[in-house]
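There are 2 protein chains.
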Amino acid sequence: MLQKIDAGITYPKGFKAKGVKCGIKNLKKEDIAIIKSEKRAVAAALFTTNKMKAAPVIVSESAMENPQISAIIVNSGCANACTGEAGLRDAMNMAAITAEVLDIRYSDVLVASTGVIGVNLPMEKIYSGIEEAALNLDNESDESVLRAIMTTDTFPKQSSYEFVIDGKEVRISGIAKGSGMICPNMATMLCFITTDVNISPEMLKKALNDATNLSFNMITVDGDTSTNDMVCVLANGESGNKVIDTEDSEGYKIFARALNNVCIDLAKLIIIDGEGATKFLEITVKGAKDFKEAKQAAMSIAKSPLVKTAFFGEDPNWGRIVCAAGYAEVDLDADKISLTIGELPIVIDGQKSEQSLSEDFQKNLKEIMAQKEIVLSLDLAAGQAEATVWTCDFSYDYVKINGEYTT
Amino acid sequence: MLQKIDAGITYPKGFKAKGVKCGIKNLKKEDIAIIKSEKRAVAAALFTTNKMKAAPVIVSESAMENPQISAIIVNSGCANACTGEAGLRDAMNMAAITAEVLDIRYSDVLVASTGVIGVNLPMEKIYSGIEEAALNLDNESDESVLRAIMTTDTFPKQSSYEFVIDGKEVRISGIAKGSGMICPNMATMLCFITTDVNISPEMLKKALNDATNLSFNMITVDGDTSTNDMVCVLANGESGNKVIDTEDSEGYKIFARALNNVCIDLAKLIIIDGEGATKFLEITVKGAKDFKEAKQAAMSIAKSPLVKTAFFGEDPNWGRIVCAAGYAEVDLDADKISLTIGELPIVIDGQKSEQSLSEDFQKNLKEIMAQKEIVLSLDLAAGQAEATVWTCDFSYDYVKINGEYTT
Numbered sequence: 000m001l002q003k004i005d006a007g008i009t010y011p012k013g014f015k016a017k018g019v020k021c022g023i024k025n026l027k028k029e030d031i032a033i034i035k036s037e038k039r040a041v042a043a044a045l046f047t048t049n050k051m052k053a054a055p056v057i058v059s060e061s062a063m064e065n066p067q068i069s070a071i072i073v074n075s076g077c078a079n080a081c082t083g084e085a086g087l088r089d090a091m092n093m094a095a096i097t098a099e100v101l102d103i104r105y106s107d108v109l110v111a112s113t114g115v116i117g118v119n120l121p122m123e124k125i126y127s128g129i130e131e132a133a134l135n136l137d138n139e140s141d142e143s144v145l146r147a148i149m150t151t152d153t154f155p156k157q158s159s160y161e162f163v164i165d166g167k168e169v170r171i172s173g174i175a176k177g178s179g180m181i182c183p184n185m186a187t188m189l190c191f192i193t194t195d196v197n198i199s200p201e202m203l204k205k206a207l208n209d210a211t212n213l214s215f216n217m218i219t220v221d222g223d224t225s226t227n228d229m230v231c232v233l234a235n236g237e238s239g240n241k242v243i244d245t246e247d248s249e250g251y252k253i254f255a256r257a258l259n260n261v262c263i264d265l266a267k268l269i270i271i272d273g274e275g276a277t278k279f280l281e282i283t284v285k286g287a288k289d290f291k292e293a294k295q296a297a298m299s300i301a302k303s304p305l306v307k308t309a310f311f312g313e314d315p316n317w318g319r320i321v322c323a324a325g326y327a328e329v330d331l332d333a334d335k336i337s338l339t340i341g342e343l344p345i346v347i348d349g350q351k352s353e354q355s356l357s358e359d360f361q362k363n364l365k366e367i368m369a370q371k372e373i374v375l376s377l378d379l380a381a382g383q384a385e386a387t388v389w390t391c392d393f394s395y396d397y398v399k400i401n402g403e404y405t406t
Numbered sequence: 000m001l002q003k004i005d006a007g008i009t010y011p012k013g014f015k016a017k018g019v020k021c022g023i024k025n026l027k028k029e030d031i032a033i034i035k036s037e038k039r040a041v042a043a044a045l046f047t048t049n050k051m052k053a054a055p056v057i058v059s060e061s062a063m064e065n066p067q068i069s070a071i072i073v074n075s076g077c078a079n080a081c082t083g084e085a086g087l088r089d090a091m092n093m094a095a096i097t098a099e100v101l102d103i104r105y106s107d108v109l110v111a112s113t114g115v116i117g118v119n120l121p122m123e124k125i126y127s128g129i130e131e132a133a134l135n136l137d138n139e140s141d142e143s144v145l146r147a148i149m150t151t152d153t154f155p156k157q158s159s160y161e162f163v164i165d166g167k168e169v170r171i172s173g174i175a176k177g178s179g180m181i182c183p184n185m186a187t188m189l190c191f192i193t194t195d196v197n198i199s200p201e202m203l204k205k206a207l208n209d210a211t212n213l214s215f216n217m218i219t220v221d222g223d224t225s226t227n228d229m230v231c232v233l234a235n236g237e238s239g240n241k242v243i244d245t246e247d248s249e250g251y252k253i254f255a256r257a258l259n260n261v262c263i264d265l266a267k268l269i270i271i272d273g274e275g276a277t278k279f280l281e282i283t284v285k286g287a288k289d290f291k292e293a294k295q296a297a298m299s300i301a302k303s304p305l306v307k308t309a310f311f312g313e314d315p316n317w318g319r320i321v322c323a324a325g326y327a328e329v330d331l332d333a334d335k336i337s338l339t340i341g342e343l344p345i346v347i348d349g350q351k352s353e354q355s356l357s358e359d360f361q362k363n364l365k366e367i368m369a370q371k372e373i374v375l376s377l378d379l380a381a382g383q384a385e386a387t388v389w390t391c392d393f394s395y396d397y398v399k400i401n402g403e404y405t406t
């Protein structure tokens, strides 16, 4: 019933957007964008849990006190984080100027920034960028918006679906940026989602929380949690479905599934584009005491630099995987744990499986390790809960990209 | 009063040792060693907190139920971890054979192993190695022991001191191995310390706990905590001082300081030899609510791959440092934190300092970043406590070494 569509951020009815070049770092690509709903939209948003919150996060959190939003202003190339009072003033001015040129309320604007920390925004450039974007809003420039939010991303990330509620065609579309500094606890990246569904603020908030917990909170590139990140969704009701205001409704279920899909698609794209990544790893931990411990063990494996470098080297060093589960501080039965890579049983009852000694097995394992996408499953033998997280390997290029970021 | 001495593990009176080549992986270097006290020594030991405990750890923990130890048998090249019941039998046999050839009790032997996980020990080679080492124990082969415990270490690590208690000359000497998989919570590496001090088991245990908390528990290379690690100290009383049995005694204070020095020296050497490390980073967090939070914030910075790669690139990307403190889940005042690199005030009151804009400052900063040893200090402005941790950068070589370890 959910149909995946190849379309961008203005695919849902009643949205316009534009990304332009204002030269924050240089003029090579778009670096500032506006996403606008023709009428005020119901909004839900989640923000970084980092205590060093960037100025735009503070401004947007305050805007979300009333969950009605008309526009998002976002820039790349400068995070406006650790910029003190001047930074906060700049973020407020971004919202104010955007509100002015779009003739909307100040408190109906979300502000987002991404890029280098500790540098102040070049506000003259920002102002002219906002004006140019505002004057040129349309629904044919989705790619300019995608480019405007990219930093070290190597490809743009979007996901769109179409579905029917009450006989009305409903659309949802999300875009995201982020490849380094990706970690769970939501503090992960920028993600903007537009939809023309008609939904109450409470239900939109619940749907976003649930979707985030199964997507952006289940990924890690390097364990770092940034100062700037946010996920937000604007729902303008233009599809004309009867308002979704209970969890039990059919409409909620369909919408929640669509939002889930968008978020998981984008989360996986972020991992595929992990800085320097050559492998996409799906790590499932089963047999855990509860979901929290399952996730904790899976994240411990996903964050281990020893595991990540082993996969880069296509080295099935399973000892590092069970070792990472061992220090995750979760219940496990060391003599009963089992591990599969691909479908191959590597570890059974806490030790190397007999099958794994055969030449055929080793040949198959080598083929699996050579693939770009690899699936691991570890059974802790301590309960019934499971969780799946996604991560990537650590390569020479990760070191290169991050050793040379500002210089 | 403490005199640093260039000497090895048999420098304290009444110890002999030997490392030999038994060919666990190949015959290129020594891979098995015995350290022996002529008479039963009082012992204290700390073991990995990883739940996937290696077999030798299980055997040694059991030996420590009575803190009298005569010998340590250690091998490199194979960790005997995740090896099931057979592995446990092998570790017990290592102790049994060592006890037999040395004519001591089974429960007076500590067993330690390091190397690849999930592979069983080649026991015939181990037996012949034990016999050869036992027959050739002396106090002129300290370097053979150092080589026998090395894995990816690029240089041997030892530290010795001499001091006086009750007019008696007392000696202490420690050796360590470990460069990857180094993380706090003690689960860090192998460290064997010998001393001829006369001390009670209780006081020795307290001194080792305290020293470990300020040394091995304050370092991290990659955040991974291994299955095998242990720190142990044997005190045989041969120096003839009056037994140290209270914390308040002058003797305890001198000995504790000496043990502290040995442990901090070895911890720092492990970091300097961090896999692929090009920089040694000393990170102090001040102004924390308590020691626990100070350490937590310092470790969050020390473990951040983004921080570690920035230092590799000699890039003073201070935003990543405050960002890592921001997600450490500790109290901090975002508008009051300050950061120095070297002695240079980079961040004051939560933002880039004015001084840092000058050309001279930038030139000095560049020089500091180019040094091999770099000191950071972050003030959280939330209390009075402080903690210092040591770590290294992440380089191309870290990825190379760990991507190609077993293959």
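Residue numbers (numbering that gives the first Met the number 0), protein chains in the order written: chain A, 0 to 406; chain B, 0 to 406. Positions of the beta carbon are idealized from the N, C-alpha and C atoms, including for glycine. On a predicted model such as this, the values are computed, not experimentally measured, just so you know.
- Counting every other CB atom within 10 Å of its CB across the protein chains shown gives residue 111 of chain B a total of 16 or more, marking it as buried.
- In terms of CA proximity to residue 74 of chain B, B/147 leads the group B/280, B/354, B/378, B/147.
- Interface with chain A (8 Å Cβ-Cβ cutoff): residue 51 of chain B is included.
- Residue nearest to residue 330 of chain A within the set A/279, A/270, A/371, A/383 is A/383 (criterion: CA-CA distance).
- Buried is the label assigned to residue 46 of chain B, since at least 16 other Cβ atoms lie within 10 Å of its Cβ.
- With a 10 Å radius around the Cβ and a threshold of 16 neighbouring Cβ atoms, residue 390 of chain B comes out buried.
- Of all alpha-carbon atoms in A/269, A/287, A/2, the one lying nearest the alpha-carbon of residue 175 of chain A is that of A/269.
- Taken through DSSP and simplified to helix, strand or coil, residue 260 of chain A comes out as helix.
- Here residue 296 of chain A is near residue 324 of chain A, since their CB atoms are less than 8 Å apart.
- The C-beta of residue 2 of chain B has fewer than 16 other C-beta atoms within 10 Å across all chains shown, which makes the residue exposed.
- For residue 327 of chain A and residue 315 of chain A, the gap between their C-alpha atoms comes out near 20 Å.
- Proximity to residue 245 of chain B across B/199, B/12, B/84 peaks at B/199, based on C-alpha coordinates.
- Listed as beta-bridge partners of residue 344 of chain A by DSSP are A/339.
- The alpha-carbon of residue 234 of chain A is positioned some 13 Å away from that of residue 255 of chain A.
- Legend: CB atoms of the segment 52-72 of chain A lying less than 9 Å from CB atoms of chain B belong to residues 52.
- DSSP, read as helix, strand or coil, puts residue 217 of chain B in helix.
- Among the residues facing chain B, residue 6 of chain A is not included, as its CB has no counterpart in that chain under 8 Å away.
- Going by beta carbons, residue 219 of chain B and residue 52 of chain B fall outside the 8 Å limit.
- Interface residue (Cβ-Cβ distance to chain A less than 8 Å): residue 373 of chain B is not classified as such.
- Taking 8 Å as the cut-off, the beta carbon of residue 385 of chain A is found closer than this to the beta carbon of residue 283 of chain A.
- Between the segment 76-89 of chain B and the segment 117-125 of chain B there are three or more C-beta pairs closer than 8 Å, enough to call the two in contact.
- Residue 271 of chain A sits in a helix when the DSSP states are folded into three classes.
- Between residue 137 of chain B and residue 15 of chain B a beta carbon distance of about 6 Å is seen, short of the 8 Å cut, so the two are scored as contacting.
- With respect to chain A, the C-beta atom of residue 230 of chain B has no partner C-beta closer than 8 Å.
- Of the residues A/76, A/388, A/359, the one whose Cα lies closest to the Cα of residue 291 of chain A is A/388.
- At a cut-off of 8 Å between C-beta atoms, residue 325 of chain A counts as an interface residue with respect to chain B.
- Counting only Cβ-Cβ distances below 7 Å, residue 331 of chain A has contacts in chain B at 50, in chain order.
- Separation of residue 94 of chain B and residue 392 of chain B (C-alpha to C-alpha, rounded to the nearest whole angstrom) is 38 Å.
- For the segment 285-337 of chain A, the full-length alpha helix (DSSP H) segments reaching 4 residues or more read 290-302, 304-311, 317-325 along the chain.
- Within chain B, no C-beta atom comes nearer than 8 Å to that of residue 370 of chain A; the closest sits roughly 16 Å away.
- A straight line joining the alpha-carbon of residue 91 of chain B with that of residue 113 of chain B spans about 16 Å.
- With fewer than 16 other Cβ atoms inside 10 Å of its own Cβ, residue 357 of chain B counts as exposed.
- With 16 or more neighbouring CB atoms inside 10 Å of its own CB, residue 157 of chain A falls in the buried class.
- The beta-carbon of residue 155 of chain B is placed no less than 8 Å from the nearest beta-carbon of chain A.
- When C-alpha distances from residue 76 of chain A are compared across A/115, A/162, A/96, the shortest belongs to A/115.
- Looking only at B/239, B/126, B/286, B/304, the smallest Cα-Cα distance to residue 162 of chain B is reached by B/239.
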